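In my numbering, the protein residues as written are 921 to 1049. First comes the structure, then the notes that go with it.
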């Protein structure tokens, strides 16, 4: 499971897709995620400073490729379900495709606060809300 790269999976996807679909659907139907797909390899990534000091490394968890594919499939299915059934609040931005929190917040602030208040008051400071 660990040695399978995205490149290899991509090159044989037509052959393995039906089998992966059976495995993934069985996981969903049974509510069981295979133990082998739950483990990650933790690799130390050097930040800066002395390579001899363990504090200068940060841990990076590398998940199995098939685990990441399965997670992406589940996320896509959940988002389709939530969007179709209108279960997400209009202000939900995290993990939502095409919605960026910072930009949306700035735009909403401009529309809801700055524009109306600037029409009434010429001394509006956007940093004093």
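We treat Cβ as the ideally placed atom computed from N, Cα and C, and that holds for glycine. Predicted model only: the values in this text are computed from it and were never measured.
Check whether the Cβ atoms of residue i and residue j sit closer than 8 Å, and answer yes or no.
i            : j            : result
residue 948  : residue 985  : no
residue 977  : residue 967  : yes
residue 1008 : residue 1002 : yes
residue 993  : residue 953  : no
Helix, strand or coil for residue i, going by three-state DSSP, please let me know.
i            : result
residue 932  : coil
residue 982  : strand
residue 952  : coil
residue 961  : strand
residue 1049 : Per-residue confidence for residue 1049 stands at a pLDDT of 46, beneath the threshold of 50, marking its modelled position as unreliable; no derived number is given.
Quick one: any contact between the region 961 to 973 and the region 928 to 935, if contact means 3 or more CB pairs under 8 Å?
no
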